[in-house]
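J.: Numbering (the numbering used here), first residue to last: 100 to 284.
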């Protein structure tokens, strides 16, 4: 979820840090994964603090079957009204999906790398629905993309100074495997 907006109240989350479900006891204390998650959570809180009173919840583990992630709920009681497109641009991409710090130059590099690696254009794109005064926005980070006979199961991961190549490749494979399992592949 990128965010949910209803009556001046915006709910979002930091969702970063990933491990296999069976590794949850080690994951809970993994300094690199915690630091990666904190980049996302702290950036969201800082980015949203000028539009309202921000309430950050506790970091917990979200169990998604084969995967676990760190999850921190964030709620904003907005000072005034803001256009939905402004809020999407303000929040997206978070450091979970893009560069930190987020600048026009770092975003351009991200898009260049995604293009060079053949990532589908829609990977990580926000999608929202407005219904009866509520807006729900998600980002497309899990799925299967196809064009003609070409099929892709893209995945991404957070890379920080403490990251290790072997572990990041393992995380990417883990995420793709979870998506494939949903489709019986």
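We put the beta carbon where it would ideally sit given N, CA and C, even for glycine.
Just so you know, these numbers come straight off a predicted model, no measurement behind them.
Is residue 144 helix, strand or coil when you go by DSSP?
T.: If DSSP states are grouped into helix, strand and coil, residue 144 belongs with the helices.
J.: Following the continuous alpha helix (DSSP H) through residue 184, name the residue where it begins and the one where it ends.
T.: Where residue 184 is concerned, the enclosing alpha helix (DSSP H) stretches over 183-190.
J.: Determine, using beta carbons only, whether residue 104 and residue 234 come nearer to each other than 8 Å.
T.: In contact: residue 104 and residue 234 (Cβ atoms closer than 8 Å).
J.: Write down every uninterrupted run of the beta strand (DSSP E) in the stretch 119-180 whose length is 3 residues or greater and which is fully enclosed by it, in chain order.
T.: DSSP runs (the beta strand (DSSP E)) wholly in the stretch 119-180: 151-155, 159-162 and 166-177.
J.: Between which residues of its own chain and residue 156 is the CB-CB distance below 8 Å, once the five residues before and five after are set aside?
T.: Closer than 8 Å at the Cβ level, and outside the excluded window around residue 156, lie 171, 172, 173 and 174.
J.: Grab the span of the alpha helix (DSSP H) containing residue 261 for me, first residue to last.
T.: It is not in any alpha helix (DSSP H) - residue 261 carries neither H nor E in the DSSP assignment.
J.: Cutting at 6 Å between CB atoms, please list the residues of its own chain near residue 238, excluding the five before and the five after it.
T.: Excluding positions up to five away in sequence, the list reads 101, 223 and 225.
J.: Grab the span of the alpha helix (DSSP H) containing residue 207 for me, first residue to last.
T.: Element bounds for residue 207: 203-215.
J.: Which residue wins for smallest C-alpha separation from residue 158, given the options 215, 140, 204 and 259?
T.: Out of 215, 140, 204 and 259, 140 has the C-alpha closest to the C-alpha of residue 158.
J.: Is it true that the CB of residue 262 sits closer than 8 Å to the CB of residue 131?
T.: Yes, the pair counts as a contact, with Cβ atoms nearer than the cut-off.
J.: Along the chain, where does the beta strand (DSSP E) containing residue 236 start, and where does it finish?
T.: Element bounds for residue 236: 233-238.
J.: Leaving out the 5 sequence neighbours to the left and right, which residues in its chain are closer than 7 Å to residue 150 when beta-carbon positions are compared?
T.: Excluding residues within five positions, the ones whose Cβ falls inside 7 Å are 175, 177, 178 and 181.
J.: To the nearest angstrom, how far is the alpha carbon of residue 245 from that of residue 251?
T.: When rounded, the distance between both Cα atoms is 6 Å.
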